[in-house]
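These notes concern the structure reproduced below.
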Amino acid sequence: MRGKTRKRKADAQPAPPPPPIARAPSPRPSPKRHKLADERGGTLKPEYAMWHRSSALARYGPRNSAIWQDQSPEPEDEAPHILSLINVHEAEQLFDLYHRHLHPHLPVLDLAHSAPSAVARRNNFLFNAICCVAARAFNVVLWERLREFAQYEMERLPKEKSIDVVQGHLVYTAWNLLRPDSFERDVTWLRVGLATRTAQDINLHRVAHLPQARAGLPGWMLRAIARTWLMAAVLDGTLSAQLGKTAALGDLGMYISILKEGGSADDALVAALAEWVLLLTRAMESFRADTEGRSAAAPRLVGVYRTQFRAWRADAEDAARRAAAQPAMLATLALYDNYAQLVVQSFALERALERGTVTLAAEWAEYQHAAVRLIEGFGADLSAPNLTRGCPDFVFTAVTYGAVSLLQALEPRLATLEPAPDRDAIFALARQAADMLARAAVTADHVPASQSMFISRLIQVRSRQPRQAQPMFDFGEMDFEAFGLSVAADDTMSMWPPLPNQNSRSTSPPPGEDAPTDLATWVAQSNLALPGPALGLGIGSFGGMLSHDFWQGVLTSPPPGMV
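For the record, in the sequence shown the residue sitting at position 197 is 199 according to this note's numbering, with numbers rising by one throughout.
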């Protein structure tokens, strides 16, 4: 009876929950338990030890803290940390390489607050990304060790949302570490979308529009936020233009003005690229809205955008000089300008060809000169090994676009245009582009290596010596029965017209000549992805560079003047 009474009282008045335990500062990790041994037998520095396996350790403290048992459940590791594969000394070397050679192309970090230990404590996704791209570009030994880990990192989605995660996505967008087997498997477009949407989720696109944020945040933090949001817009706008899609840029003016007031070279470059991508996307939308070039306003549009890009370059170079920028930054601005000018010229030439205007010769000459300027500018200013290896994929894409544009000048339909293209000069310049890309490649599966191989293949096919055409002969002297039997026995032989010695003609290629001329066959044998948006070759409309028919024609049609 007494037991039942106690039970009813317990049911009626439950015991109050224990008071929450205040979260105390995490104690310093025990040297015995948290100095992690690397594969060479060394130990990690204490400032890295908390971050060996999960960002949760940096937030909640080491696992031997009473907090784990008393209040917070043990969190699942977000991802393996790269320090399980390399030691601290190697990680610091990779960070130094990134800061010196790669950061100038994607200046989203604030270097004063991005020491390796600081980034490691904040976010392992960004830490891993920096180490992986630096190893990919400058350390073959470490890259071979990190290759599988890098593939895993590029395919996973971080659970948390922060500016560090956005920056990590931007790093992987600018430097695609692992070339996909086909364009359909390329996730660069999806990754820049992840960066943009994550940035919007954490309101990076609103910070500059809040007076209290502009007044309260430290200057370095406000500029880092502005650079991150603007570089997301730059990468999104560039890929959108290449794929023929609409970019979600929004209002960037306030962010650009913040960086123009900063005065540093990083701020000046990002502000200039943001203005460039706004101008480029506006030009693309104007040309594509031109109903396939039938509008009389198209010639005026071409002139307007040529002038605007020249003015943009002049202003950007002035800002770079005021910020005491390095010569490589001026070379980068020149490359972006030359690329945009070639895009505009591709549209201008396409319109002139469609309408047969009196300016066709001028557009044709300017188109060739724009492609030449793009390749020669890269060779003169950015072809040094310490510069090319740090270049993002877009730079290699721009060079490939220039080389293909030159080779396209040898199309049969352009053979009658004046001034006539100089075949020898075009082949020499295209080979120079292929050689520069090959030197920039670290391994055979590197992006510039693939593009160099593609350009070399186009040169090989375009420069191939034609077979001598045989004159038609008198049908009265032909053995039609033998001809019919030979065609029936060899289904690779054309049914008509018959040529001299048709019965004995072999369809095999001559010795030394590559067998596959079909694009799909060649791509399959060469383990290459079809050229297209992944190479950035679709940004201009001239020649339908995204179409399979164009590339098939490049590989199979004879050069101008050849039968």
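Just so it is clear, CB atoms sit at the ideal spot from N, CA and C, and this is done for glycine as well. Computed from a predicted model, the values in this text were never measured in an experiment.
Rounded separation between residue i and residue j - CA only
i, j, result
"L280", "G239", "8 angstroms"
"L224", "A217", "10 angstroms"
"D112", "L96", "17 angstroms"
"E352", "L275", "27 angstroms"
"G379", "A336", "8 angstroms"
"E92", "A322", "33 angstroms"
"P213", "I258", "16 angstroms"
"G367", "F151", "Residue identity differs from the one stated: residue 367 is Ala in this sequence, not Gly. Cα to Cα, A367 sits roughly 48 angstroms from F151."
"D268", "P109", "6 angstroms"
"R290", "G252", "20 angstroms"
"S116", "W222", "12 angstroms"
"L548", "Q244", "Here the model assigns L548 a pLDDT of 35, short of 50, so the residue's position is not dependable, and the following value carries that caveat. C-alpha separation (whole angstroms): 10 angstroms."
"A228", "A210", "7 angstroms"
"Y403", "C134", "27 angstroms"
"S407", "A484", "46 angstroms"
"Y154", "D320", "43 angstroms"
"W191", "A313", "30 angstroms"
"D447", "A373", "26 angstroms"
"Q328", "S242", "29 angstroms"
"E277", "H107", "16 angstroms"
"N89", "C393", "26 angstroms"
Sequence-distant residues of its chain with Cβ nearer than 8 angstroms to residue i (five each side left out)
i, result
"T445", "V142, W145, A451"
"R308", "Q343, V346"
"S164", "R124, N125, I204"
Residues near residue i in its chain [Cβ-Cβ closer than 6 angstroms; skip 5 each side]
i, result
"A342", "L282, F311"
"R138", "W145, L179"
"L568", "There is simply no residue 568 to check, as the chain begins at 3 and stops at 565 in what is shown."
"F127", "P160, V167, G170"
"A273", "I258, L261, K262"
"S385", "M438"
"M455", "none"
"A405", "A432, A435, I457"
Three-state class that DSSP yields for residue i in the structure shown
i, result
"H207", "coil"
"P109", "coil"
"N126", "helix"
"H448", "coil"
"Q328", "coil"
"A316", "helix"
"W231", "helix"
"V189", "coil"
"E277", "helix"
"T248", "coil"
"R441", "helix"
"T175", "helix"
"D424", "coil"
"L409", "helix"
"C134", "helix"
"P118", "helix"
"K163", "coil"
Buried versus exposed call for residue i [16 or more other C-beta atoms within 10 Å across all chains shown]
i, result
"P421", "exposed"
"T200", "buried"
"M256", "exposed"
"G264", "buried"
"G358", "exposed"
"D426", "exposed"
"S86", "exposed"
"G246", "exposed"
"L487", "exposed"
"R324", "exposed"
"F482", "exposed"
"Q462", "exposed"
"A443", "buried"
"D520", "In this predicted model, D520 has a pLDDT of only 38, less than 50, meaning its place in the structure is not dependable; the value taken from the coordinates is given anyway. Under this definition D520 is an exposed residue."
"D339", "buried"
"P414", "exposed"
"R284", "exposed"
Close Cβ partners of residue i (< 7 angstroms) along its chain, the five nearest in sequence each way excluded
i, result
"R193", "H171, Y174, T175"
"W231", "A201, L206, H207, Y257"
"V449", "N178, R181, D395, F398"
"H101", "L113"
"A364", "none"
"Q434", "I377, G381"
"A250", "T198, D238"
"M156", "Y174, L179, L180"
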